[in-house]
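Colleague:
Protein chains: 2
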Amino acid sequence: MSDDKAAVVLVSGGLDSSTVLALAKSQGYSCYALSFEYGQRHKSDVVFAQRIAAAQGVVEHKVVRIDLDAFGGSALTDLDIDVPTSPTEGIPVTYVPARNTVFLAYALGYAEVVGARDIFIGVNAVDYSGYPDCRPEFVSAFEQVANLATKAGVEGQHLTVQAPLIHKTKAEIIQMGLELGLDYAETVSCYQLDSEGRACGECDSCRIRQEGFRAAGVVDPTHYR
Amino acid sequence: MSDDKAAVVLVSGGLDSSTVLALAKSQGYSCYALSFEYGQRHKSDVVFAQRIAAAQGVVEHKVVRIDLDAFGGSALTDLDIDVPTSPTEGIPVTYVPARNTVFLAYALGYAEVVGARDIFIGVNAVDYSGYPDCRPEFVSAFEQVANLATKAGVEGQHLTVQAPLIHKTKAEIIQMGLELGLDYAETVSCYQLDSEGRACGECDSCRIRQEGFRAAGVVDPTHYR
């Protein structure tokens, strides 16, 4: 079974992946959204992902509970590590071990089951240059795995991992999303949302987002606490 | 943090992965065993994996509960698909979508956290020629991903995915394990174990195992029902 207009889209509820979902939809894909609950501090992300997925009219939205926290090692899942509120050098402590590899592996399984040939991921090498698994060479290498790991690949139906934001600035992403009619008030980027889903305005992710709206010359509609 | 004698070993409780664990141990690796509960029919596998891991003196054994069954699509996780009891052509229905990709992705995360540079997996291209994710080219492609996805790779510490059984026959694997002192009565391969952990003797996996013991010229110590 293969459907050349079906796509699996990784959706976190954040600005980038929401833009990717709107983009895939605008390109005529029937979208299967995939989100994760992985012991992250900001669990209400999933609620935002569900709203965005519904607003974009996805075929289906799967939320997979995964055990990434079993290994610890990141400020996003390990409560003993503080989320930094000032820029850091090198690979940030908010990096989750093998996160995008795990996410893409699940997306690949989902793509196989629904017969999708495209997987969309909102990674970005500009703002997240410290994360090894946000680089184009990582995405290409995973695409290679996807084609070798699956029935579809073996049967000659090329699988593609699309990372349409990879070389864009946050301002460019925001402009693209606004043109696609996306309401960014419905998306969240903060590493430490409060229980009402309001952003801290201080973490790396909030600062990159704020600078993006500023550079795009549009009002930041984010709900801050 | 990196420990050049630490290794993550994927351990299912089956014949192949138990042999790989014994082999890694005999080569002087400090082994971190990793198993999964993924909605498979044969849940008692994990009990066997725990016994084997303990018997081989692993540093730690993590059992990760994953949601592979959320997608369905395999006789091993989807209770609406019967496990075949006669040989089938092509990719078997017991193939789980993207299973080894998901397993290796978790192993990669675990390796990053414990500072291991080696990941061992018991895939075999001889007996499981119908599974795309048991082929050498798949393993090589994943190794590429591992090195691009991680801090260790970025920092120039080469990560290796070792699949030492990939070209071996079942009989050769059994002979290797016996030389390493492995007790195969403690391992299980059956796709449909009963509640007491006894094998069916009829599924593909049981038949391959039985033929392996026959070809190796040793008594099959498996507990059949």
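Just so you know, the protein sequences line up as chains H and L, in that order. Converting from the first sequence to this note's numbering requires adding 46 to each position, the first position being numbered 1. Converting from the second sequence to this note's numbering requires adding 46 to each position, the first position being numbered 1. We put the beta carbon where it would ideally sit given N, CA and C, even for glycine.
1. Within 10 Å of its beta-carbon, does Asp250 (chain H) have 16 or more other beta-carbons around it, so buried, or fewer, so exposed?
2. Can you list the residues of chain L that Asp179 (chain H) reaches, using a CB-CB cut of under 8 angstroms?
3. Given that Arg111 (chain L) touches chain B, what residues does it touch there, using C-beta distances under 7 angstroms?
4. I'd like the span of the beta strand (DSSP E) that includes Val111 (chain L), first residue to last.
5. Whole-angstrom Cβ separation of Gly161 (chain L) and Ala53 (chain L), contact assumed at under 8 angstroms?
6. Ser81 (chain H) and Val109 (chain H) - do their beta-carbons sit closer together than 7 angstroms?
7. Counting beta carbon pairs with one atom in the segment 66 to 75 of chain H and one in the segment 92 to 103 of chain H, are three or more of them shorter than 8 angstroms?
8. Which term fits Gly60 (chain H), buried or exposed, when burial requires 16 or more other beta carbons within 10 angstroms of its beta carbon?
9. Glu232 (chain L) by DSSP, collapsed to three states: which one?
10. By how many angstroms is the C-alpha of Tyr237 (chain L) removed from the C-alpha of Val129 (chain L)?
11. What would DSSP say about Gln256 (chain L), mapped onto helix, strand or coil?
12. Ala79 (chain L) CB to nearest chain H CB: under 7 angstroms?
13. Thinking C-alpha only, which one of H:Lys216, H:Arg145, H:Val207, H:Glu189 is nearest Asn170 (chain H)?
14. Contact criterion: CB-CB distance below 7 angstroms. Does Gln190 (chain H) meet it with respect to chain L?
15. Just curious, the alpha helix (DSSP H) that Gln221 (chain L) is in, first and last residue?
16. How about Ala151 (chain H): is its C-beta nearer than 7 angstroms to some C-beta of chain L?
17. Just checking: is the beta-carbon of Gly176 (chain H) within a distance shorter than 7 angstroms of some beta-carbon in chain L?
18. So, does the CB of Ala144 (chain H) fall closer than 7 angstroms to a CB anywhere in chain L?
19. Could you compute how far the alpha carbon of Val139 (chain H) sits from the alpha carbon of Gly247 (chain H)?
Modeller: Looking at the atomic coordinates:
1. By 1-based counting over the first sequence, the position of residue 250 (chain H) is 204. It is buried - the Cβ of Asp250 (chain H) has at least 16 other Cβ atoms within 10 Å.
2. Position 133 of the first sequence, counting from 1, holds the residue named residue 179 (chain H). Neighbourhood of Asp179 (chain H) in chain L, by CB distance below 8 angstroms: Leu194, Ala195, Thr196, in chain order.
3. Absent from the structure is chain B; the protein chains it does hold are H and L.
4. Indexing the second sequence from 1 puts residue 111 (chain L) at position 65. The residue you asked about is not Val; residue 111 (chain L) is Arg in the sequence shown. That run of the beta strand (DSSP E) goes 106 to 111.
5. Taking the first residue of the second sequence as position 1, residue 161 (chain L) is located at position 115. Taking the first residue of the second sequence as position 1, residue 53 (chain L) is located at position 7. Distance from Gly161 (chain L) to Ala53 (chain L) at the Cβ level is roughly 11 angstroms; contact not present, criterion being Cβ atoms closer than 8 angstroms.
6. One-based indexing of the first sequence puts residue 109 (chain H) at position 63. One-based indexing of the first sequence puts residue 81 (chain H) at position 35. Result yes, Cβ atoms of Val109 (chain H) and Ser81 (chain H) sit closer than 7 angstroms.
7. Cβ pair count under 8 angstroms is three or more, so yes.
8. Taking the first residue of the first sequence as 1, we reach residue 60 (chain H) at position 14. That one is buried.
9. The residue labelled residue 232 (chain L) in the question sits at position 186 within the second sequence. Glu232 (chain L) falls in the helix class under three-state DSSP.
10. The residue you call residue 129 (chain L) lines up with position 83 of the second sequence. The residue you call residue 237 (chain L) lines up with position 191 of the second sequence. With a pLDDT of 48 at Val129 (chain L), under the threshold of 50, the predicted position of this residue should be treated as unreliable, and no value is reported.
11. The residue labelled residue 256 (chain L) in the question sits at position 210 within the second sequence. Gln256 (chain L) falls in the helix class under three-state DSSP.
12. Within the second sequence, the letter at position 33 stands for residue 79 (chain L). No, Ala79 (chain L) lies away from the interface with chain H (no Cβ there is under 7 angstroms from its Cβ).
13. Translated into the one-based positions of the first sequence, residue 170 (chain H) becomes position 124. Ranking the options by Cα distance to Asn170 (chain H), first place goes to H:Lys216.
14. Here residue 190 (chain H) refers to the residue found at position 144 of the first sequence. It does: the Cβ of Gln190 (chain H) has a partner Cβ on chain L nearer than 7 angstroms.
15. The residue you call residue 221 (chain L) lines up with position 175 of the second sequence. Looking at the DSSP string, the run of the alpha helix (DSSP H) that includes Gln221 (chain L) is 216 to 225.
16. Working through the first sequence from its first residue, we reach residue 151 (chain H) at position 105. Under the Cβ distance rule, Ala151 (chain H) counts among the residues neighbouring chain L, one pair being separated by less than 7 angstroms.
17. The count along the first sequence starts at 1 and reaches residue 176 (chain H) at position 130. Cβ-Cβ to chain L under 7 angstroms: no for Gly176 (chain H).
18. Your numbering for residue 144 (chain H) matches position 98 in the first sequence. By this cut-off, Ala144 (chain H) is an interface position.
19. Position 93 of the first sequence, counting from 1, holds the residue named residue 139 (chain H). Position 201 of the first sequence, counting from 1, holds the residue named residue 247 (chain H). Note that Val139 (chain H) scores a pLDDT of 49, beneath 50, so its modelled location is shaky; the value from the coordinates is reported in the next line. Val139 (chain H) and Gly247 (chain H) have their alpha carbons spaced roughly 18 angstroms apart.
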